[in-house]
Structures are given as structure tokens and as C-alpha cells.
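K.L.:
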Amino acid sequence: AQSVTQLDSHVSVSEGTPVLLRCNYSSSYSPSLFWYVQHPNKGLQLLLKYTSAATLVKGINGFEAEFKKSETSFHLTKPSAHMSDAAEYFCVVANFGNEKLTFGTGTRLTIIP
Amino acid sequence: DTGVSQDPRHKITKRGQNVTFRCDPISEHNRLYWYRQTLGQGPEFLTYFQNEAQLEKSRLLSDRFSAERPKGSFSTLEIQRTEQGDSAMYLCASSSPEWRSYEQYFGPGTRLTVT
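As given, the protein sequences belong to chains L and U, one line each in that order.
Quick note on numbering: my numbering labels position 18 of the first sequence as 18, and the sequence is numbered without any gaps.
Quick note on numbering: my numbering labels position 100 of the second sequence as 1100, and the sequence is numbered without any gaps.
(1) Any Cβ of chain L within less than 8 Å of the Cβ of GLN1054/U?
(2) Let me see if you follow: with CB-CB separation under 8 Å, is GLU1028/U close to chain L or not?
(3) Is any beta-carbon of chain L found at less than 8 Å from that of GLU1103/U?
(4) Could you work out which residue in SER1027/U, GLY1072/U, PHE1021/U, GLY1003/U is closest to ASN1051/U when comparing CA atoms only?
(5) Looking at the unbroken beta strand (DSSP E) that takes in PHE1049/U, where does it start and where does it end?
(6) How would you call ASP85/L, buried or exposed, if buried means at least 16 neighbouring beta carbons within 10 angstroms?
(7) Run down chain L in chain order and give the residues with a C-beta less than 8 Å from the C-beta of SER1095/U.
(8) Taking only beta-carbon atoms, is PRO1008/U less than 8 Å away from chain L?
(9) For ARG108/L, collect the residues of the same chain with a Cβ closer than 6 Å to its Cβ; drop the 5 residues on either side in sequence, then sort them by chain order.
(10) Between which two residues does the beta strand (DSSP E) holding GLU1056/U run?
(11) What is the rounded straight-line gap between the Cα of ILE112/L and the Cα of GLU15/L?
(12) Ignoring anything shorter than 3 residues, give me the beta strand (DSSP E) runs that lie fully in the region 28-70 of chain L, in order along the chain.
(13) VAL92/L and LEU47/L look like a contact to me (Cβ under 8 Å); what is the Cβ gap, rounded to whole Å?
(14) If I measure Cβ to Cβ from GLU66/L and keep anything under 7 Å in the same chain, skipping five residues before and after, which residues do I get?
(15) Look up ASP85/L in the DSSP assignment and say whether it is helix, strand or coil.
(16) Output yes or no for whether 8 Å exceeds the beta carbon distance between ALA1088/U and THR1038/U.
(17) Candidates THR51/L, SER27/L, GLN38/L: which alpha carbon is nearest GLU71/L's?
(18) Can you tell me whether ARG1059/U is buried or exposed? The criterion is at least 16 other CB atoms within 10 Å of its CB, across all chains shown.
(19) Pick out the complete beta strand (DSSP E) segments inside the region 1061-1089 of chain U, 3 residues or longer, and give them in chain order.
(20) Specify, as a first and last residue, the run of the beta strand (DSSP E) that ARG1111/U falls within.
(21) Look up VAL1004/U in the DSSP assignment and give the residues it is bridged to.
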């Protein structure tokens, strides 16, 4: 079975400073990995996806993530945080075959003005 | 807007009542998924359709839950004899028929409160 572990349940950063949200995965074969964002009272939005192409993936709103097979990690980064980035972020792995998604427990990102 | 839509957005019901939720996927998407999200947790997979065929059900989906997608378009999720533990956000997602596209588009969810 595939799984993801989000290492921090809550991250706080000051506006304008870098963001790092950490995710480790477990998979018996080459996984497809995603980051989704959920703003309060809004639906889940796909930030970016890795599907065995380039290991450095760029997403929307300046976010990017790097797939590191040797470390089984897929950390999400952004050089400079904005107030609008405050939300819940989910690291997700897709199951081979039916593509059902397995979500991590989420990381709540707080931006300090 | 041609995104995934869900109805109703909120539902309050008394324990023991039946409820039904509807999901309308993006029109060209043949795969449809239901997930459940409880407070402070990530969404959990419930069931999955490819066209009208229900191909997989999670062990989370007890006998009180049933899902249908009769014509391969919209889907309904029914919960019979609701319990307080059923209180959650129910999310629907759809994805393209492109092989291994993986990208799922989510609706806004239906928040169920069982009193």
C-alpha cells in the first residue's frame, strides 16, 4: 500500500520569508505525487504534480516541489510567502491502476504579517 | 463554470434519517470519486466509478452507504439511518479518461451534520 507522511501539522512563517512543507512517501513502485491546497470554506485545488518526468516540479502561485527518490521525499517550497498562502496543504499519492488518491494528514500554514 | 458541482453544500439531519448527495462531474470526465473528510484530517477514499461501473469501495463504506452513477454522468451518495459519526465533509472528484492522467478535480463538498 502507498502512503504519505506530512512531518509538520502546523508551520508558521513571516510574510516574505521562505516556505518549506515536508512530505515523505512510501511506495513499492514509482509513485505519482501531488500537493493540494485547501483554503477555508473552499474546495481542494491542485498545486502541482509529479508523474515521473522532471524531478523538480513547478506549480501555481510560485510553489515548487522536488522529488527525491533516495530520500523518499517530496517537499513543497516557495521562496517568499504571501498572506494569501495561509491554508491547509495536503501531500497526496496516487494509487497505480485506479488512481485513487491517498492524502496525508495535512499541514496548516500560517503567515505572520 | 464547468467545474465539479455538488448539491447540497450543507445538510443538517437528525440521527436515523436518510440523506442523499449529488455530484455533477466535469462533462468529459469518465472517472468519478467520492471521499470523506473529517475535521482535522485529510480526505479518505470511499468509492470510485469508471463510467457507470462502480469499480472499488473502501472498507469505510458500510452497508448504510450506497453510491450510484446510473448513466455515467452525475452520481449520488446515499446514507441510510445516519449516525453522528457520519458527520463530515463529503467530497466528489472527477478525472479525465486519459490513461494515467491522475489529476483529480474536486467539487466544493457537502458538509453533513448529524444531530
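Beta carbons: idealized from backbone N, C-alpha and C, even for Gly.
P.N.:
Here's the rundown:
(1) no
(2) no
(3) yes
(4) GLY1072/U
(5) 1044-1050
(6) buried
(7) GLU99
(8) no
(9) HIS10, GLU88
(10) 1053-1057
(11) 6 Å
(12) 32-38, 44-50, 56-58, 64-68
(13) Not a contact, Cβ separation roughly 10 Å.
(14) THR55, LEU56, HIS75
(15) helix
(16) yes
(17) SER27/L
(18) exposed
(19) 1065-1068, 1075-1079
(20) 1110-1114
(21) None, per the DSSP bridge assignment.
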